[in-house]
Amino acid sequence: MPQVISIQPVTRIEGQARIDIHLDDAGQVADARLSIDALRGFEQFVIGRPAEEIPRIVSRICGICPWMHHVAAAKAIDCCFTVTPPPAGQLLRELCLVLAHIHDKILHFFFLAAPDFLFEPNSDYSVRNLMGLVQRQPELAAEVVRMRQLGLAMLERIAGKATHPVAAVIGGFSKPMTEQERQGLLADGRVLLDFACRALDLAKKRVFVRFAEEEAALGAIRTGFLGTVDDQGNLRFYRGRLRLMRPGGDTIDFAPSDYDRYLAERAEPWSTAKMVYARAWDEGFSLDLEAPRGVYRVNTLARINVCDRIATPLAQAELEAFRAGFGRPAQGALLAHWARLIELVYACERMLELLADQRIAEPLVRTPAEPRAGRGVGQVEAPRGTLIHDFTTDDNGCIVRANLIVGTTHNIAPMNMSVHRAAATLIDGSQIDTALLNRIEMAVRAYDP
Amino acid sequence: MSEARRPRLCCHWLHACSGCELALLNGGDLFLDLLQLVDIVHFPLLLDRKYANDAEGKPDLPPAEIGLVSGGVASKAQLELLRTMRGQCRVLVAFGTCASHGGIPALRNQWTVEQTLGTVFPEDERSCSGGFDPEDWLDRVYAIDEQVEVDLLLPGCPPRPETIVATVAALATGHRPQLAEKSVCEHCPTARTGSGRMSVRRFLANADYDPEAPTDSMRCLLEQGLLCMGPVTVGGCGGREMPLCIRARVPCRGCYGPVRRQGNQLLDLLNVLASKGIDHRAIVDRRSLLRFSGAHGLLKPNIRER
Amino acid sequence: MKRQPVIIAFCCNWCSYAAADLAGISRLQYPGSIRIIRVMCSGMVHPDLVLQALNKGADGVIVVGCHLGECHYLRGNEMALARAEIIADTLEDLGIAAERFQLVWVSSSEPERLVAAFRAMSERLEAGRPPWIEAKEDGQ
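Protein chains in written order, with my numbering: chain A, 1 to 449; chain B, 1001 to 1306; chain C, 2001 to 2140.
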């Protein structure tokens, strides 16, 4: 008899999702879907709002990465109003963005993902989590918590409000950094970099060693990738060109404002979330596991794959080691965790670079703007992937049209493939228990949706 | 044995962004201390406990002494979860501004569900967006106290971490939680002279202040002619210190909701402007003064379009 | 029987409340569905009270104060005027028809003017047959 097994909700992810696994008469997986049910309506209710208010509204799309939406919207509205922030304004925005990356990556890796690897997959759910980690390894847990605190405290010092921020404003930033603050932040930043390097070492010893075995159990998918690089091909979070990579490694680069010529959105009857596919490949869209069409991934692994190099030394060394082990592009879904910690090192090094730049403490942080009609595309790399905000304003500087592609939207298609592949590989007539279902969720968690 | 008698904490999100849950974790050491005081029995961000295992299943939530619900209610499934949680929790807390007053998602209440679907899935994509059934959705976004009885409002977008931890700890130990009851202005150190500009301008250039000087030397932003919602917003965002937006030198936008539970931030702010002799017609887009408190029927589709 | 629109009238103690008294003594007729609430000054009617009345079932709200320049407290009615502008501008933002609210000036010696204002508002609300009244009749 056909049967549907649901995992509801998918847990230890930063949002709400469910998985439905459809089994046929023989108990084989006929299909498996990940669905995200939400009608938030941001594209509707930003209409009519004064554009300068938008960065403080769209931050509420995500409580974990509000800085990404905040900054992407500020960049987009800068374009609408044709205003260019002064250097200190740009540097402060980027600094906040990388600090937000830092505390997000610590959260995702240690609080959400690591319990799957530090505990046995079939251990009890009441232990396999942060609280279990606190019980079993109190020193590690306490240090992780303190490092996140430090990152957040730095953000509060720079920007006042760390969650659902307010300091990135049209034309720049709301408050300059004083020289004294800069010195204090540099000292704290070095502590974070030191922790990032130790976290990566720890993960290599205790987490990544299990990847080969787990990847084999989950099965593989093969897709393209999308991320942001600068003119030299360096990994970037705050600005640059978008690079779309085919599964085989060929790339095309394009300006973020041209995104709708290279990417296209579509809705499918079985999903309430829109999906994005690579229009530029001109091959249509298909989630066929053996021959997917138009499907690419974003976020940590994608960025590590598309960049030619990383402009900071420690992260570059890690990237080289990673490429030596897994090639380019690396396809294994769990490798996203590894890539995440390489990016953590990059984010810490980049933070120190930004703080070392004396221009960041200049008093001029904002260029005054005038409302006007225009269109602007703002793009940043969020922990969850490439984030694109596209706004159009009227003569009064109010929003008339909005299109938002968030990181997870790009990943809906490959996540569905990963879930399907994992379910098909794992179930294959065997006993379905909670440990097995958690393994399927691990395939989703790697994407950090 | 003493372990088993610890109060149980059930934490669930509805029409929310997960910022409130993150704020709880941001308590850091305070959060770790809280783990010594309560047992977390359900918390989808951290704990692999499922509430439904079959497609049609009713939500299965555990009994708990303290329940935290973040987010408003927008769908029938969320309403079912909320009702179950009310039945299972001895004390139910509206956790954050969305649960208390609707929050940013309730801005959608200015349009019908059909209108929103039409915008999010434009015509060409709509033909294949059959995944969305308008029947699954309520007519608007509700605050949770419009649907079930709520014992405590803990507003904030997000609430201050130490306030969340202190509130849960107070409930766990049988004390009365202490929450701010006065407006943001009461916590704001900026200099007020009682006179100021007779108009409000859009926030297109920064406020006038000396970044090297302490905040109390900065003139009140409303008196500088910037629309600030401090007078009609309940305080607490900065804990014992100054409001967070003021730390960033930007005006308040009202994220903690009205000062009085029944207050209307739009009408109340215009009333403040009228009493100061400031022309309210300079405000572009008055309705977004309700951007954090559009539930309770305050934001509705435009009557001329209905 | 056809339902008459319920109107809450906030009347200033020093002018319109006295005028209403005089209207009674003079046996001037006005619709029985008008409910008068005495306030010390029209300037003390907070916009929240108007909104609350409309949300809790009143079909209309009328605030009646002294003519400008004749306020017992010197400038209270100027406050009422400023608030009335807010209310008139805001009701539609809140999804309520603006004609459900009105501000008029009446002195204590003008009962006819008060009654005329009451009647006019009642007739206007009835004649418009606005949707909110029909909905209520269906429900009752």
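Virtual Cβ for every residue (Gly too), placed ideally from N, Cα, C.
DSSP beta-bridge partners of residue i
i: Ile2008 (chain C); result: C:Arg2035 and C:Val2061
i: Tyr277 (chain A); result: A:Ala264
i: Ile1066 (chain B); result: B:Leu1009 and B:Val1091
i: Ala26 (chain A); result: Its beta-bridge partners do not exist; DSSP assigns none.
i: Val98 (chain A); result: DSSP output for Val98 (chain A) lists no bridge partner at all.
i: Tyr447 (chain A); result: None, per the DSSP bridge assignment.
i: Cys1039 (chain B); result: The displayed chain sequence assigns Asp, not Cys, to residue 1039 (chain B). Asp1039 (chain B) is bridged to B:Arg1008.
i: Tyr1142 (chain B); result: B:Val1073
i: Ser286 (chain A); result: A:Arg293
i: Trp1137 (chain B); result: B:Ser1075
i: Ile352 (chain A); result: Going by the sequence as given, residue 352 (chain A) is Leu instead of Ile. The partner list for Leu352 (chain A) (beta bridge, DSSP) is empty, contrary to what the question assumes.
i: Trp2105 (chain C); result: C:Gly2065
i: Gln3 (chain A); result: A:Leu23
Among the options, nearest to residue i - alpha-carbon criterion
i: Leu1299 (chain B); options: A:Phe45, A:Gly284, A:Glu318 and A:Gln379; result: A:Phe45
i: Ala220 (chain A); options: A:Phe211, A:Thr228 and A:Leu226; result: A:Phe211
i: Cys1255 (chain B); options: B:Leu1244, B:Arg1249, B:Gly1297 and B:Gln1262; result: B:Leu1244
i: Ile1104 (chain B); options: B:Leu1034, B:Ala1143, B:Ala1248 and B:Ser1275; result: B:Ala1143
i: Ser2166 (chain C); options: C:Ser2122, C:Ser2107 and C:Ile2034; result: Outside the displayed range of chain C (2001 to 2140) lies residue 2166 (chain C), so it cannot be described from this structure.
i: Ile2034 (chain C); options: C:Gln2004, C:Gln2102 and C:Ile2087; result: C:Gln2004
i: Met2121 (chain C); options: C:Met2044, C:Tyr2073, C:Arg2027 and C:Val2064; result: C:Val2064
i: Arg1008 (chain B); options: B:Gly1263, B:Arg1253 and B:Ala1172; result: B:Ala1172
i: Leu1092 (chain B); options: B:Gly1071, B:Ser1075, B:Thr1112 and B:Gly1067; result: B:Gly1067
i: Cys1010 (chain B); options: B:Leu1117, B:Asp1048 and B:Leu1030; result: B:Asp1048
i: Phe1031 (chain B); options: A:Arg146, A:Val276, A:Ala196 and A:Asp258; result: A:Arg146
i: Arg453 (chain A); options: A:His337, A:Asn396, A:Ile427 and A:Ile399; result: Residue 453 (chain A) cannot be examined here, being either before or after the span of chain A that is shown, 1 to 449.
i: Leu1117 (chain B); options: B:Leu1107, B:Asp1133 and B:Gly1102; result: B:Asp1133
i: Arg222 (chain A); options: A:Asn129, A:Tyr277 and A:Glu290; result: A:Glu290
i: Gln2052 (chain C); options: C:Glu2123, C:Ala2116 and C:Leu2094; result: C:Leu2094
i: Gly1096 (chain B); options: B:Ser1183, B:Pro1062, B:Phe1121 and B:Thr1167; result: B:Thr1167
i: Glu1241 (chain B); options: B:Arg1201, B:Ser1293 and B:Arg1160; result: B:Arg1160
i: Ala203 (chain A); options: A:Leu341, A:Ala153 and A:Gly224; result: A:Leu341
i: Glu2123 (chain C); options: C:Leu2022, C:Arg2100 and C:Asn2055; result: C:Arg2100
What are the complete alpha helix (DSSP H) segments, minimum 4 residues, inside the stretch 1153-1238 of chain B?
-> Correct list: 1161-1172 and 1184-1187.
Within 9 Å of chain B by C-beta, residues of the stretch 2047-2080 of chain C in sequence order | Going along the stretch 2047-2080 of chain C in chain order, one finds Pro2047, Asp2048, Val2050, Leu2051, Gln2052, Asn2055 and Met2079 with a Cβ nearer than 9 Å to chain B.
Stretch-stretch touch, CB-based, cutoff 8 Å, three pairs: the stretch 100-112 of chain A with the stretch 51-71 of chain A = Taking 8 Å as the limit for Cβ pairs, the verdict is that the stretch 51-71 of chain A does touch the stretch 100-112 of chain A.
Determine which residues of the stretch 1194-1227 of chain B have a Cβ less than 7 Å from any Cβ of chain A, and write them out in chain order.
-> Contacts with chain A (Cβ-Cβ distance below 7 Å) from the stretch 1194-1227 of chain B involve Arg1202, Phe1203, Leu1204, Ala1205, Asn1206, Pro1211 and Glu1212, listed in chain order.
Chain-ordered residues of the stretch 1243-1271 of chain B with a beta carbon less than 9 Å from chain C | For the stretch 1243-1271 of chain B, which is checked against every Cβ of chain C, the residues closer than 9 Å are Arg1260, Gln1262, Gly1263, Asn1264, Leu1266, Leu1267, Asp1268, Leu1270 and Asn1271.
Flag this pair as touching only if the stretch 125-138 of chain A and the stretch 1208-1221 of chain B have three or more C-beta atom pairs under 8 Å; answer yes or no.
-> By the Cβ rule, the stretch 125-138 of chain A does not count as touching the stretch 1208-1221 of chain B, because fewer than three pairs are nearer than 8 Å.
Whole alpha helix (DSSP H) runs in the stretch 172-253 of chain A with 4 or more residues, listed along the chain?
-> Taken in chain order, the unbroken stretches of alpha helix (DSSP H) that lie wholly in the stretch 172-253 of chain A and span 4 residues or more are 179-206 and 211-218.
Anything in the stretch 420-447 of chain A with a Cβ closer than 7 Å to a Cβ of chain B? List those residues in chain order, please.
-> For the stretch 420-447 of chain A, which is checked against every Cβ of chain B, the residues closer than 7 Å are Asn438.
Those runs of the beta strand (DSSP E) which lie wholly inside the stretch 374-414 of chain A and span at least 3 residues | You should have 374-382, 385-393 and 399-405.
Check distances from the C-beta atoms of the stretch 35-47 of chain A to those of chain B and list, in chain order, the residues that come in under 9 Å.
-> Answer in chain order: Ser35, Asp37, Ala38, Leu39, Arg40, Gly41, Phe42, Glu43, Gln44, Phe45, Val46 and Ile47.
At least 3 beta-carbon pairs within less than 8 Å: the stretch 71-78 of chain A vs the stretch 51-63 of chain A | Yes: at least three Cβ pairs fall under 8 Å.
Taking any Cβ of chain A, which residues in the stretch 1021-1042 of chain B have a Cβ under 8 Å from it, in chain order?
-> Result list: Glu1021, Leu1022, Ala1023, Leu1025, Asn1026, Gly1028, Asp1029, Phe1031, Leu1032, Leu1035 and Ile1040.
Name the residues in the stretch 2019-2041 of chain C whose C-beta lies less than 8 Å from a C-beta of chain B; which are they?
-> Residues passing the 8 Å Cβ filter: none.
Mind checking the stretch 1079-1107 of chain B against chain C and listing, in chain order, the residues whose C-beta falls within less than 7 Å of any C-beta there?
-> Listed in chain order, the positions of the stretch 1079-1107 of chain B with a beta carbon within less than 7 Å of a beta carbon of chain C would be empty, since no residue qualifies.
Positions along the stretch 2081-2094 of chain C whose CB lies within less than 8 Å of some CB in chain B = The stretch 2081-2094 of chain C vs chain B, Cβ under 8 Å: Ala2082, Arg2083, Glu2085, Ile2086, Ile2087, Asp2089, Thr2090, Glu2092, Asp2093 and Leu2094.
Does the stretch 343-354 of chain A touch the stretch 302-318 of chain A, meaning 3 or more C-beta pairs lie closer than 8 Å?
-> Of all C-beta pairs linking the stretch 302-318 of chain A to the stretch 343-354 of chain A, three or more are shorter than 8 Å, placing the two stretches in contact.
May I ask you to verify whether the stretch 428-448 of chain A touches the stretch 13-25 of chain A, counting CB pairs closer than 8 Å and requiring at least 3?
-> The count of Cβ pairs closer than 8 Å, one atom from the stretch 428-448 of chain A and one from the stretch 13-25 of chain A, reaches three, so the stretches are in contact.
Using a Cβ-Cβ cut-off of less than 8 Å, list which residues of the stretch 92-126 of chain A approach chain B; keep chain order.
-> Residues of the stretch 92-126 of chain A whose Cβ lies closer than 8 Å to any Cβ of chain B, in chain order: Leu107, Phe111, Leu112, Tyr125 and Ser126.
Using 8 Å as the Cβ pair cut-off and three pairs as the minimum, do the stretch 312-326 of chain A and the stretch 174-184 of chain A touch?
-> No, because fewer than three Cβ pairs between the stretch 312-326 of chain A and the stretch 174-184 of chain A fall closer than 8 Å, the two stretches do not touch.
Using a Cβ-Cβ cut-off of less than 8 Å, list which residues of the stretch 56-80 of chain A approach chain B; keep chain order.
-> Answer set for the stretch 56-80 of chain A: Arg56, Ile57, Arg60, Ile61, Cys62, Gly63, Ile64 and Pro66.
Contact the stretch 160-172 of chain A vs the stretch 357-375 of chain A: 3+ CB pairs below 8 Å = Output reads yes: the stretch 357-375 of chain A touches the stretch 160-172 of chain A.
Do three or more CB pairs link the stretch 1255-1268 of chain B to the stretch 2044-2051 of chain C at distances below 8 Å?
-> Note that the stretch 1255-1268 of chain B touches the stretch 2044-2051 of chain C; at least 3 beta-carbon pairs, one per stretch, sit closer than 8 Å.
Uninterrupted beta strand (DSSP E) stretches inside the stretch 31-86 of chain A (no shorter than 3 residues) | The DSSP assignment places no complete run of the beta strand (DSSP E) inside the stretch 31-86 of chain A (cut-off: 3 residues).
Determine contact between the stretch 251-269 of chain A and the stretch 371-390 of chain A, defined as no fewer than three beta-carbon pairs at a distance below 8 Å.
-> Contact between the stretch 251-269 of chain A and the stretch 371-390 of chain A is present, because at least three Cβ pairs lie under 8 Å.
Touch test, the stretch 1223-1231 of chain B against the stretch 1181-1196 of chain B, Cβ-Cβ under 8 Å, three pairs minimum = The stretch 1223-1231 of chain B, when compared against the stretch 1181-1196 of chain B, does touch it at the 8 Å Cβ threshold.
At least 3 beta-carbon pairs within less than 8 Å: the stretch 267-287 of chain A vs the stretch 405-414 of chain A = The stretch 405-414 of chain A and the stretch 267-287 of chain A touch, with three or more beta-carbon pairs separated by less than 8 Å.
Decide if the stretch 2057-2071 of chain C is in contact with the stretch 2021-2032 of chain C; the criterion is three or more beta carbon pairs, one per stretch, under 8 Å apart.
-> Cβ pair count under 8 Å is below three, so no.
Touching or not, the stretch 1073-1082 of chain B and the stretch 1015-1033 of chain B, by the rule of three or more beta carbon pairs under 8 Å?
-> Segments in contact, yes.
Are three or more beta carbon pairs between the stretch 104-111 of chain A and the stretch 419-426 of chain A nearer than 8 Å?
-> The stretch 104-111 of chain A, when compared against the stretch 419-426 of chain A, does not touch it at the 8 Å Cβ threshold.
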